[in-house]
Amino acid sequence: MKTLFWTFLFLAILTAVYTIYFFNKIFPGVQLAGINLSGKTKEQALKLLLPENKPPGLTLVADDPKIQMSLDVEVNYNYEQSVEAAYAVGRTGSFEDRLLAKVSSLVQKPNLPYAYSLRQEALDKSLADIADQIGVPPTEPTLIIEKNAIIVNKGKDGIEVDQVKLREQVLESLKYKNSNSISIPLKKTKAQLSDTEAEEIKVRAQNIVGKSLQLSVDYKDFTYKAADILPLLTPNGVKEEKLASLINNIASSVDTEPQNARLVFEDGKVKEFAPGKDGLETNKVELGNRLKAGVENLIVSEAKATKVEIPVNRKEPQVGTSEVNNLGIKELIGRGTSLFAGSIPGRVHNVTLAASRLNGLLIKPGETFSFNNALGDVSAYTGYQQAYVIKDGKTVLGDGGGVCQVSTTLFRAALNAGLPITERHPHAYRVHYYEEDTKPGIDATVYSPGTDLRIQNDTPANILIQTSTDTKKMALVFELYGTSDGRVSQILNHRIWDVVSAPPPLYQDDPTLAPGVIKQVDFAAPGTKAAFDYKVTRNGEVLQNRTFYSNYRSWQAIYLRGVTP
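For the sequence shown, position 254 matches number 244 in my numbering, and the numbering has no gaps at all.
Structure below.
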């Protein structure tokens, strides 16, 4: 016990003597950026540092690729603070801490950094500029479809500056005014496919050629063909960043705020109507999972298309459709669409006009709707323009050409709603407009007074007709609103047979045309017979079970040829 006491006393006396001797002086062994400050007063140390008062020039180098460049950094060194830090060694903390610091400074000779400040944002910008100069962006692999075969471009790796590590090296050099060259830390950005990976992705991609992903939610449809899907592929999955971009694009089209219902009824017709609509928010995580599964299904399946329902979270409107009327108009019960791209301007005008005149009409419970009666007179006197119509077995210019586009679309909406069709007539020949988005035979021609489309409302409430014509997309939509009684309609067993090729084109001389001018006035169409079964059920009860037949004649193209009178 006495030995321990005397040892402690000896150390205390030695420390006191040591401290007194180095009173106002920096303890032995202490260095500042390699400069020995042992035994120096603060003033002496500061004078010793002043000749060093010059920021170091930093040189950055790299071997592959061969690079040498300078880096200018605005740095302010605080020499007084640096000297204070050196002087504080062995003078702060507990007695044990001070003693340990004094002893270790003799043995380890601590090398302290300079205290300094700099504009961090300026340094970061300089490093970013260097990274831009040196870095080589990777070339991502690409997949191209050429003659139904996949061509793989394996891509190329890039070179990237590790800015975090470079920043650490620069700061370390500045701390100690180190003039040694700094080796620029480079890292390879992996992009290039190996031969094995290229073969794997080629096999996956080849299985997608000729196929498509079909996404839908609430009558919004998105179709992605093979060329759209290929950028997503990796040798064993999908690229997450590409998938995220696709999901965001889909969500931007799907996501909507809730829409309150609005209905204004005047003079027996609905003048303004907007159904209550749920707000939609895409569930992006689940959509990502479904898209991944859909892509993999395309790869392994023989099916030409994979359907994906877009998952959404719904928010109901504050005012629903049933709250703004007492007509029984509560919900969408049927929808029909058609396309008319390629129509001449007069036909587009007539489609738009006829659809607008049916918009807002009500079909009362038990009433049989007549298309011709509802539309009224179709002539130049009522605003219609000349367009091609089928009359007396010929395609000729006539007032109201294109009205059959409207009757066809309403026919499809009525089928979708499960309503009884009491009169329907097919066209004399196949019209390509009506087969753009569906199969042959789902059309309905009208020609007043004899050829009509009649639809019965056998539901317990009024049915409201709503039309929408998009002349940019060349699309027509009919929506029927009413009260659903739970019926479900199906179009089954669609078939065609007795297909007959179109006859050769017919050229007719026309002296009203300039010589040499050729004008097509009729269009070729193959003949065929078509049919589909229409079945409507409600809680197990069969309401409709019938077959619609169409017998289309083959039709030759007819050209007028200008001749000299």
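Backbone N, C-alpha and C fix where the C-beta goes; we use that ideal spot for every residue, glycine too.
#1: Given that a residue counts as buried once 16 or more other Cβ atoms are within 10 Å of its Cβ, and exposed if not, what is D460?
#2: So which of F330, P335, A370 and F401 has the shortest CA-CA distance to S360?
#3: So, is V532 buried or exposed, given that buried needs 16 or more other C-beta atoms within 10 angstroms?
#4: Could you pull out every residue in the same chain whose Cβ sits closer than 8 angstroms to the Cβ of M464, ignoring the five residues on either side in sequence?
#5: In this structure, does DSSP put S235 in helix, strand or coil?
#6: Could you pull the start and end residues of the beta strand (DSSP E) that T412 belongs to?
#7: When you compare only the Cα positions, how much space is there between V309 and E262?
#8: Verify whether the separation of the beta carbon atoms of T449 and I323 is less than 9 angstroms.
#9: Just confirm the distance between the C-beta atoms of L113 and Q153, as a whole number of angstroms; I'd bet it's less than 8 angstroms.
#10: Below 8 angstroms, can you find three or more Cβ-Cβ pairs linking the stretch 535 to 550 to the stretch 506 to 521?
#11: Leaving aside the five residues before and after P505 along the sequence, list all residues of the same chain whose C-beta is less than 7 angstroms from its C-beta, in chain order.
#12: Y524 and S474: beta carbons closer than 9 angstroms?
#13: With distances taken between CB atoms, is the gap from K32 to E74 smaller than 9 angstroms?
#14: Name, in chain order, the residues that DSSP records as bridge partners for N273.
#15: Run the CB neighbour count on E469, radius 10 Å, all protein chains shown included, and call it buried at 16 or more, exposed below.
#16: Does the beta-carbon of N362 have 16 or more other beta-carbons within 10 angstroms, so that it is buried, or is it exposed?
#17: Within this structure, are the beta carbons of K320 and T311 separated by less than 9 angstroms?
#18: Flag this pair as yes or no: are the beta carbons of L223 and R194 separated by less than 9 angstroms?
#19: Taking the continuous beta strand (DSSP E) assigned at K115, which residues delimit it?
#20: From the DSSP output, which residues share a beta bridge with F212?
#21: Beta-carbon within less than 7 angstroms of L343's beta-carbon, same chain only, minus the 5 sequence neighbours each way: which residues are those?
#22: Using the DSSP secondary-structure output, state which residues sit across from L322 in a beta bridge.
#23: Compare the C-alpha of Y67 against each of S107, R81 and S84 and name the closest.
#24: Is F513 close to the ligand COA? I mean its beta-carbon at under 8 angstroms from any heavy atom of the ligand.
#25: Measuring alpha carbon to alpha carbon, tell me which residue in T428, A139 and T272 is nearest V302.
#26: Is the beta carbon of I124 sitting closer than 9 angstroms to the one on L133?
#27: Roughly how many angstroms separate the alpha carbons of L89 and G29, rounded to a whole number?
#28: For I353, does the count of other Cβ atoms within 10 angstroms reach 16, so buried, or fall short, so exposed?
#29: Only counting the same chain, and skipping five residues up and downstream in sequence, which positions put a Cβ closer than 6 angstroms to that of K429?
#30: Using a 10 Å radius around the Cβ and a threshold of 16 neighbouring Cβ atoms, would you call L482 buried or exposed?
#31: Would you check if there are 3 or more beta carbon pairs closer than 8 angstroms linking the stretch 416 to 432 to the stretch 449 to 458?
#32: Using the Cα positions of F212 and H422, report the straight-line distance between them to the nearest angstrom.
#33: Would you call A234 buried or exposed, if buried means 16 or more other Cβ atoms sit within 10 Å of its Cβ?
#34: Anyone know if the C-beta pair for G476 and R528 falls short of 9 angstroms?
#35: Can you confirm whether the stretch 143 to 150 touches the stretch 204 to 220 when touching is taken to mean that 3 or more C-beta pairs between the two stretches lie within less than 8 angstroms?
Taking the structure as given:
#1: The residue you call residue 460 lines up with position 470 of the sequence shown. The residue is exposed, with fewer than 16 neighbouring Cβ atoms inside 10 Å.
#2: As a first step, residue 360 is located in the sequence shown; it is residue number 370 there, counting from the start. It is F401 whose Cα lies nearest to the Cα of S360.
#3: Residue mapping note: residue 532 aligns to position 542 of the sequence shown, counting from 1. Label assigned to V532: exposed.
#4: Along the sequence shown, read from residue 1 onward, the residue named residue 464 stands at position 474. Taken in chain order, the residues that qualify are L329, F330, A331, G332, S333 and V338.
#5: Taking the sequence shown and counting its residues from 1, one reaches residue 235 at position 245. Helix.
#6: If you number the sequence shown from 1, residue 412 lands on position 422. I411 to E413 is the extent of the beta strand (DSSP E) around T412.
#7: As a working note, residue 309 is residue 319 in the sequence shown. As a working note, residue 262 is residue 272 in the sequence shown. Looking at the two C-alpha atoms, the distance is approximately 16 angstroms.
#8: Position 459 of the sequence shown, counting from 1, holds the residue named residue 449. Position 333 of the sequence shown, counting from 1, holds the residue named residue 323. Taking 9 angstroms as the Cβ cut-off, T449 and I323 qualify as a contacting pair.
#9: By one-based count along the sequence shown, residue 113 stands at place 123. By one-based count along the sequence shown, residue 153 stands at place 163. L113 to Q153, Cβ: 10 angstroms. No contact.
#10: yes
#11: Position 515 of the sequence shown holds residue 505. Around P505: G552, V553 and T554.
#12: As a position in the sequence shown, residue 524 is number 534, starting the count at 1. As a position in the sequence shown, residue 474 is number 484, starting the count at 1. No, the pair does not count as a contact, with Cβ atoms beyond the cut-off.
#13: Working through the sequence shown from its first residue, we reach residue 32 at position 42. Working through the sequence shown from its first residue, we reach residue 74 at position 84. Yes. Within cutoff.
#14: For the purposes of this step, residue 273 is taken as the residue at position 283 of the sequence shown. Answer is none; N273 lacks a bridge partner.
#15: Residue 469 sits at position 479 when you count from the first residue of the sequence shown. Result: buried.
#16: By 1-based counting over the sequence shown, the position of residue 362 is 372. With 16 or more Cβ atoms within 10 Å of its Cβ, N362 is classed as buried.
#17: The count along the sequence shown starts at 1 and reaches residue 320 at position 330. The count along the sequence shown starts at 1 and reaches residue 311 at position 321. Taking 9 angstroms as the Cβ cut-off, K320 and T311 qualify as a contacting pair.
#18: Mapped onto the sequence shown, residue 223 falls at position 233. Mapped onto the sequence shown, residue 194 falls at position 204. It is a contact, given that the beta carbons lie within the stated cut-off.
#19: Position 125 of the sequence shown, counting from 1, holds the residue named residue 115. Run containing K115: none in the beta strand (DSSP E); it sits in the alpha helix (DSSP H), Q110 to I124.
#20: Start at 1 with the first residue of the sequence shown, and residue 212 comes out as number 222. Beta-bridge pairing links F212 to L205.
#21: Within the sequence shown, numbered from 1, the residue matching residue 343 stands at position 353. Closer than 7 angstroms at Cβ, skipping near neighbours: G373 and Y374.
#22: Translated into the one-based positions of the sequence shown, residue 322 becomes position 332. Its beta-bridge partners are Y471.
#23: Position 77 of the sequence shown, counting from 1, holds the residue named residue 67. Here the closest residue by C-alpha is S107.
#24: Annotation note on the ligand COA: not contained in the displayed structure, which lists no ligands.
#25: Locating residue 302 in the sequence shown gives position 312, where the first residue counts as 1. Ranking T428, A139 and T272 by Cα distance to V302 puts T272 first.
#26: The residue given as residue 124 occupies position 134 in the sequence shown. The residue given as residue 133 occupies position 143 in the sequence shown. Result no, Cβ atoms of I124 and L133 do not sit closer than 9 angstroms.
#27: Residue 89 sits at position 99 when you count from the first residue of the sequence shown. Residue 29 sits at position 39 when you count from the first residue of the sequence shown. Distance between the alpha carbons of L89 and G29 is about 17 angstroms.
#28: For the purposes of this step, residue 353 is taken as residue 363 along the sequence shown, with counting starting at 1. Burial call: buried.
#29: Numbered from its first residue, the sequence shown carries residue 429 at position 439. Same-chain partners within the cutoff: H484.
#30: For the purposes of this step, residue 482 is identified with residue 492 of the sequence shown, where counting begins at 1. The residue is exposed, with fewer than 16 neighbouring Cβ atoms inside 10 Å.
#31: no
#32: Residue numbering aside, residue 212 sits at position 222 when the sequence shown is read from its first letter. Residue numbering aside, residue 422 sits at position 432 when the sequence shown is read from its first letter. Rounded to the nearest angstrom, the two C-alpha atoms are 22 angstroms apart.
#33: Taking the sequence shown and counting its residues from 1, one reaches residue 234 at position 244. A234 should be labelled exposed.
#34: Counted from its first residue, the sequence shown places residue 476 at position 486. Counted from its first residue, the sequence shown places residue 528 at position 538. Contact: yes.
#35: no
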